[in-house]
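Chemist: Numbering (my numbering), first residue to last: 1 to 195.
Cβ atoms here follow ideal geometry from the backbone N, Cα and C, with glycine treated the same way.
My questions will all concern the structure given below.
And the structure:
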């Protein structure tokens, strides 16, 4: 049933938002040039790799995320408009509207056995962690929220998360982890030292 909802919602979204997506593509080209999209291999359901597609928000090069993120990119991120191309990932079955956010494949060997359970479901454009702190969360807390979702998932919960997402986006809170970085990389679980 969830997959059917994803197909219908992403299809309708891509059709109804086509004028907005076209306008964003034009603005993206005028503001940042090519490429229009950010593409990266992420881990999907079962840890299988797929290519996520988002509007690009940073210039190429070295330096901090904040230094490379353009004013236009900050606008796209703060409004979550950069996420709209992910509807294509949903339609293709690589993502769902709601689920744990897809993370880079290089994180896979860094998860604990319990944390790896976040891959029992399709990753989502939005999720329980996104409406409870977004990038302001520690990795440990994000994974706790992801696992809570895996345990409690239902269409009713998905609807609740989608409604809360609208509120979270309008508040524009916790978009970045700090003023200098979007998010620190997940380094993995550090074994506790024996005393």
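Report the partner residues of residue 43 according to the DSSP bridge assignment.
Modeler: Answer is 49.
Chemist: Would you call the CB atoms of residue 149 and residue 100 closer than 9 angstroms?
Modeler: Their beta carbons are under 9 angstroms apart, which means residue 149 touches residue 100 by this criterion.
Chemist: With DSSP as the reference, please indicate the residues paired to residue 96 in a beta bridge.
Modeler: Partner(s): 124.
Chemist: Rounded C-beta distance between residue 95 and residue 70? I'm assuming under 8 angstroms.
Modeler: So it is not a contact: roughly 26 angstroms between Cβ atoms.
Chemist: DSSP on residue 55, reduced to helix/strand/coil?
Modeler: Residue 55 falls in the strand class under three-state DSSP.
Chemist: So, residue 38 versus residue 110, is the Cβ gap smaller than 9 angstroms?
Modeler: Against a cut-off of 9 angstroms, the Cβ pair of residue 110 and residue 38 comes out as no contact.
Chemist: Return the Cβ separation of residue 50 and residue 36 in integer angstroms, given the expectation that the two are a contact with Cβ distance under 8 angstroms.
Modeler: Not quite, the Cβ-Cβ distance comes to about 19 angstroms (not below 8 angstroms), so this is no contact.
Chemist: With three or more C-beta pairs closer than 8 angstroms as the rule, is the stretch 84 to 92 touching the stretch 12 to 26?
Modeler: Contact holds: three or more Cβ-Cβ distances are below 8 angstroms.
Chemist: Got a sec? Which residues, its chain only, sit under 8 angstroms from residue 25 by beta carbon, not counting five neighbours each side?
Modeler: 36, listed in sequence order.
Chemist: With a threshold of 16 other CB atoms inside 10 Å of the CB of residue 165, please say whether the residue is buried or exposed.
Modeler: With 16 or more other Cβ atoms within 10 Å, it is buried.
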